[in-house]
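Just below is one structure, and these are the notes that go with it.
Residue numbers (my numbering): 1 to 132.
If you want it as structure tokens, here you go:
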């Protein structure tokens with residue numbers, strides 16, 4: 001008789017992809033902050049830079065999730081994007097921020113870029129399958 005699993009089978013893939021996405025986002029944010037400091041740009045550039053960093057991080061997370069699961073690329077990417085946006089919302093709630101302006105834009109970018117990453121990851125998985 002099959003045992004019931006407490007954690008779904010794909011949860012490890014989403015956890016790994018989420019951690020990688022958050023790390024890539026953090027590295028991009030550090031690079032953008034360094035660039036802002038070196039160039040002497042104002043704080044008004046923080047919003048677009050953080051949105052771009054979130055997009056790059058969620059694209060990487062969605063790509064990795066779909067590549068490892070090798071099925072349902074768009075759906076896998078969308079789930080990963082939803083989880084990434086939930087992390088952003090939790091961080092925003094913890095810091096006492098409000099859901100208006102750049103935070104909402106970043107969450108939308110996370111969902112869209114992660115979905116695109118899911119499609120990219122699935123196409124990469126199919127290419128590696130054909131090469132073998």
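Idealized CB from N, CA, C, for every residue including glycine.
Quiz item: Which residues bound the alpha helix (DSSP H) around residue 70?
Solution: Neither: residue 70 is in no alpha helix (DSSP H) and is coded neither H nor E.
Using the Cα positions of residue 74 and residue 116, report the straight-line distance between them to the nearest angstrom.
7 Å
Contact set for residue 118: own chain, Cβ-Cβ below 6 Å, skip 5 residues either direction: 62, 66, 73, 74, 76, 77
| query | Can you tell which of 92, 28, 36, 44 has the C-alpha that lies nearest to the C-alpha of residue 58? | reply | 28
Contacts around residue 47, its chain only, beta-carbon distance under 7 Å, and the 5 residues preceding and following it disregarded:
102
I need the boundaries of the alpha helix (DSSP H) containing residue 39, first residue and last residue. 11–39
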